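To start, the structure under review is shown below, and the notes come after it.
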Amino acid sequence: MKSRINSWILNKLKNHLQIDTYDALKVLLSALTYFFIIGSYSILRSLKTSIFLGFVGIEYEPLAKIISIIVTIPIILFYSKIIDKVKRHQAVFCFLGIYAGLALLFALAFAHPVYGVQNTQASPTRILGWAFEFFMDLFQALIVGTFWSFFKLYKYSRFCK
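Residue numbers (this note's numbering): 25 to 185.
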């Protein structure tokens with residue numbers, strides 16, 4: 025049943041875009057990857073504010089936005105240097121791996137009874153809230169941007185006739 029559905033989807037893509045099976049599979053996998061990137065971003069983005077407010081407090085949110093801008097600038101410059109030195113697919117795998125690992129660490133830390141969400145006392149010294157705020161602010165710039173640079177590599181513009 026599963027292979028029949030996969031064959032049906034690939035055949036529809038092949039016929040609609042007039043491409044071979046290999047290119048249809050690339051389009052399908054790229055679309056699936058983008059779906060998971062944007063889906064995880066949408067879920068985590070809605071959690072970002074509530075986690076920060078619960079961990080640090082509402083009075084520190086403007087300061088977090090300012091610090092986020094200051095932190096983002098050197099990280100984007102460092103990111104640009106990395107992108108210039110490595111191949112695009114290596115950058116995608118590297119950044120996705122780093123962000124997946126960090127997301128797993130955040131999930132484990134949030135489950136901790138002292139440092140996680142069970143501790144309801146807001147304090148500016150709760151580093152986990154600050155770190156998650158910066159992690160999420162950089163997600164869109166690094167992960168989504170890296171994916172689009174990788175996607176551009178395949179020159180899908182011929183499919184959009």
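Every residue gets a Cβ at the ideal spot worked out from N, C-alpha and C, and that includes glycine. The structure presented is a predicted model; accordingly, all values stated were derived computationally and were not measured.
Straight-line CA distance for residue i to residue j?
{"i": "V168", "j": "F156", "result": "17 Å"}
{"i": "F134", "j": "S74", "result": "13 Å"}
{"i": "G125", "j": "L152", "result": "15 Å"}
{"i": "T170", "j": "V110", "result": "12 Å"}
{"i": "D108", "j": "F117", "result": "15 Å"}
{"i": "L128", "j": "K105", "result": "26 Å"}
{"i": "H40", "j": "A48", "result": "10 Å"}
{"i": "F102", "j": "I91", "result": "17 Å"}
{"i": "G121", "j": "I33", "result": "28 Å"}
{"i": "L71", "j": "Y65", "result": "10 Å"}
{"i": "I43", "j": "K50", "result": "11 Å"}
{"i": "F174", "j": "F158", "result": "24 Å"}
{"i": "R112", "j": "G81", "result": "39 Å"}
{"i": "L56", "j": "Q164", "result": "17 Å"}
{"i": "I93", "j": "N35", "result": "46 Å"}
{"i": "W172", "j": "Y46", "result": "20 Å"}
{"i": "F130", "j": "Y58", "result": "22 Å"}
{"i": "G63", "j": "S31", "result": "25 Å"}
{"i": "K89", "j": "Q114", "result": "31 Å"}
{"i": "H136", "j": "N143", "result": "9 Å"}
{"i": "S146", "j": "W154", "result": "Contrary to the premise, residue 146 reads as Ala rather than Ser in this sequence. In a straight line, the C-alpha of A146 is about 12 Å away from that of W154."}
{"i": "T149", "j": "L132", "result": "19 Å"}
With the cut-off set at 8 Å, would you say residue i and residue j are in Cβ contact?
{"i": "F119", "j": "L166", "result": "yes"}
{"i": "G78", "j": "V141", "result": "yes"}
{"i": "E83", "j": "F76", "result": "no"}
{"i": "L162", "j": "I97", "result": "no"}
Thinking residue i and residue j are a contact (beta carbons under 8 Å), I'd like their distance in whole angstroms, please.
{"i": "L68", "j": "M160", "result": "6 Å"}
Measuring only from the beta carbon, is residue i closer than 7 Å to any heavy atom that is part of the ligand SAH?
{"i": "P148", "result": "This structure lacks the ligand SAH, and indeed carries no ligand of any kind."}
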